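Undergrad:
Residue numbers (this note's numbering): 33 to 212.
1) Tell me whether residue 74, by its Cβ, gets closer than 7 Å to a heavy atom of the ligand ADP.
2) Do the region 135-143 and the region 172-181 meet, that is, are 3 or more Cβ pairs less than 8 Å apart?
3) For residue 128 and residue 159, what's the separation of their Cα atoms in angstroms?
4) Taking 8 Å as the cut-off, does the region 195-211 touch the region 76-89 (at least 3 CB pairs, one atom from each stretch)?
5) With a threshold of 8 Å, are at least 3 pairs of Cβ atoms found where one atom belongs to the region 163-170 and the other to the region 107-114?
6) Can you tell me the Cα-Cα spacing of residue 163 and residue 190, whole angstroms?
7) Answer with buried or exposed for residue 188, where buried requires no fewer than 16 other C-beta atoms within 10 angstroms of its C-beta.
8) Alpha carbons only, please: which of 194, 186 and 78 is nearest the one belonging to residue 173?
9) Could you tell me the alpha carbon to alpha carbon distance between residue 207 and residue 104, rounded to whole angstroms?
10) Among 92, 114, 97 and 192, whose alpha-carbon lies nearest the alpha-carbon of residue 81?
11) Quick test of your reading: residue 123 and residue 140, contact by CB under 8 Å. State the CB separation rounded to the nearest angstrom.
12) Tell me the DSSP secondary structure of residue 60 in three-state form.
13) Using the Cα positions of residue 177 and residue 94, report the straight-line distance between them to the nearest angstrom.
14) Per DSSP, which one or two residues make a beta bridge with residue 126?
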């Protein structure tokens, strides 16, 4: 599976020039691409008490095992205003995806306020390694959600689709059909 990114797509292990071409910057590279290469981006998603349910769903699509599961009750913060009803909620969870990426998240305690699950947070972009993988990820993750753009060949040459999953998280699935 490809690199998981939020907003921009970075190609791990490539020189900056290759990185800039992969994201469509050509020879007009911005200075931050010239000076640094990002090895990976790990999205972190906040939920309103249903992080465990959401991550169990994501695990059913991506496979693998959770690298970390920590509950608020395990933290030992006596002064943290977490009620008994939220003590079992997730303070942190991590699911490895592919060889270099991690999907992470947590529940937001009520004392910090709720997240509007319909607001535009950011989209999580997945670069699939094949058209078949793109379809599998799109169909699995979009189940019960709202498709914004079905998987199809795009005008820019990629096989692409977008949706909001049943937990309100927005995703983009992309398979670059152009040889690099």
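Heads up, the beta-carbon is just placed ideally off N, CA and C, and yes, glycines get one too.
Note that the coordinates shown come from a computational prediction; the quantities given were computed from them, not determined experimentally.
TA: According to the data block:
1) Because no ligand of any kind appears in the structure shown, any question about the ligand ADP cannot be addressed here.
2) no
3) Here residue 128 is taken as the residue at index 96 of the chain shown, counted from 1. Here residue 159 is taken as the residue at index 127 of the chain shown, counted from 1. Going by the C-alpha atoms only, they are around 15 Å apart.
4) yes
5) no
6) As a working mapping, residue 163 is identified with position 131 in the chain shown. As a working mapping, residue 190 is identified with position 158 in the chain shown. Each residue's Cα considered, the two are about 10 Å apart.
7) Position 156 of the chain shown, counted from the first residue, corresponds to residue 188. By the neighbour-count rule (16 or more Cβ atoms within 10 Å), residue 188 is not buried but exposed.
8) As a first step, residue 173 is located in the chain shown; it is residue number 141 there, counting from the start. Among 194, 186 and 78, the Cα nearest to that of residue 173 is on 194.
9) Indexing the chain shown from 1 puts residue 207 at position 175. Indexing the chain shown from 1 puts residue 104 at position 72. Straight-line Cα distance between these residues: approximately 38 Å.
10) If you number the chain shown from 1, residue 81 lands on position 49. If we check each option's Cα against that of residue 81, 114 comes out closest.
11) The residue you call residue 123 lines up with position 91 of the chain shown. The residue you call residue 140 lines up with position 108 of the chain shown. Wrong, their Cβ atoms sit about 10 Å apart, outside the cutoff.
12) The residue labelled residue 60 in the question sits at position 28 within the chain shown. Bear in mind that the predicted position of residue 60 carries a pLDDT of just 43, short of 50, making it unreliable; the figure below should be weighed with that in mind. Three-state DSSP puts residue 60 in coil, outside helix and strand.
13) Along the chain shown, read from residue 1 onward, the residue named residue 177 stands at position 145. Along the chain shown, read from residue 1 onward, the residue named residue 94 stands at position 62. The straight-line gap from Cα to Cα measures roughly 17 Å.
14) Position 94 of the chain shown, counted from the start, is the residue given in the question as residue 126. DSSP lists 100 and 136 as partners of residue 126.
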